[in-house]
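Engineer: One structure coming up, written as structure tokens, with questions to follow.
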Amino acid sequence: MRKDSMDVNALLDNIYDELHGMAELQLHGERSGHTLNPTALAHEAWLRLAASERITIKDRNHFMALAATTMRRILIDYARNRRSQKRGGEAVMITLTEENISREIPGDTLLALDESLKKLARRHLRQARIIELWFFAGMKHREIAELLNISEPTIRRDWRLARAWLSRELSETPPPPGEGVGHE
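Just so you know, the UniProt record's numbering puts 179 at position 179 of the sequence shown, and the rest follows in order with no gaps.
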């Protein structure tokens, strides 16, 4: 992390509670007995960000978005490691809705969501980023619009398209021919 962009220690002092809250949110749905706790997840994310020489932090919102992505990667790494130690396991369907934010996601499903988000990012990076910021960082549409410097209606439209695409991608039923993300 480039030290000249912001005083990173002052930043941590100012946003630690929010960073810890984000970690709690991400761990809320993890299986009981998870070896990571919110404090450990927040600290690991902070350490990874602080160790990176290639990151320049623009502002507080940018840092929180980076932290959310880093926490997601930590949880994905953890799930992959756990999966490699264990055989079998069936994927569980996940439903992304604004009204019911169910973050109770088993490791295999988290891996499926991560793979689907990567696939979506190759097709429509902004839509994948919106889902990531909403789901993993707990950001509201207004906050995402501010961070990405685009209108809130655009965020809502992209959110609906991405959510529909992910629902099809994560379901067992293939989408009808000709349907895809981004048909506007």
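Think of the CB as a built atom: it goes at the ideal place given N, C-alpha and C, for glycine as much as any other residue. Note that the structure is predicted; figures quoted are calculated from it, not measured.
Helix or strand or just coil, what does DSSP make of Arg-103?
Structural biologist: Annotation note: pLDDT 47 at Arg-103 (below 50); position unreliable, coordinate value reported separately. Three-state DSSP puts Arg-103 in coil, outside helix and strand.
Engineer: Let's test the definition: count the other Cβ atoms within 10 Å of the Cβ of Glu-53 and tell me whether it reaches 16, buried, or not, exposed.
Structural biologist: exposed
Engineer: May I ask you to report which of helix, strand or coil DSSP gives Asn-37?
Structural biologist: coil
Engineer: Within 8 Å, do at least three Cβ pairs link the region 49-63 to the region 115-123?
Structural biologist: no
Engineer: Using CA atoms only, rank isn't needed, just tell me which of Ile-130, Glu-143, Tyr-16, Thr-35 is closest to Asn-81.
Structural biologist: Asn-81 has its Cα closest to that of Thr-35, out of Ile-130, Glu-143, Tyr-16, Thr-35.
Engineer: Could you tell me how far apart the beta carbons of Ala-137 and Ala-68 are, in whole angstroms, since I believe they sit closer than 8 Å?
Structural biologist: 3 Å
Engineer: Less than 8 Å between the C-beta atoms of Leu-71 and Ala-112, yes or no?
Structural biologist: It should be pointed out that residue 71 corresponds to Met in this sequence rather than to Leu. Not in contact: Met-71 and Ala-112 (Cβ atoms no closer than 8 Å).
Engineer: Let me know the secondary structure DSSP gives Asp-59 once reduced to three states.
Structural biologist: coil
Engineer: Exposed or buried, which one is Ser-171 when buried takes at least 16 other CB atoms within 10 Å?
Structural biologist: exposed
Engineer: Whole-angstrom Cβ separation of Trp-134 and Trp-165, contact assumed at under 8 Å?
Structural biologist: In this structure, Trp-134 and Trp-165 do not form a Cβ contact; the two beta carbons are roughly 14 Å apart against a cut-off of 8 Å.
Engineer: Using DSSP with H/G/I as helix, E/B as strand and the rest coil, what is Gly-138?
Structural biologist: Of the three classes helix, strand and coil, the one that applies to Gly-138 here is coil, per DSSP.
Engineer: Rounded to whole angstroms, what is the Cα-Cα separation between Ile-76 and Leu-110?
Structural biologist: Straight through space, the alpha carbons of Leu-110 and Ile-76 are spaced by roughly 7 Å.
Engineer: Can His-141 and Ile-131 be called in contact, C-beta distance under 8 Å?
Structural biologist: No, the Cβ-Cβ distance between His-141 and Ile-131 is not below 8 Å.
Engineer: Distance check for His-28 and Arg-163, CA to CA, integer angstroms please.
Structural biologist: 21 Å
Engineer: If I follow the unbroken alpha helix (DSSP H) through Ser-167, where does it start and stop?
Structural biologist: 152-170
Engineer: Can you list, in chain order, the residues of its chain whose CB lies under 6 Å from that of Glu-169, leaving out five sequence neighbours each side?
Structural biologist: Ser-116
Engineer: May I ask you to report which of helix, strand or coil DSSP gives Ser-116?
Structural biologist: helix
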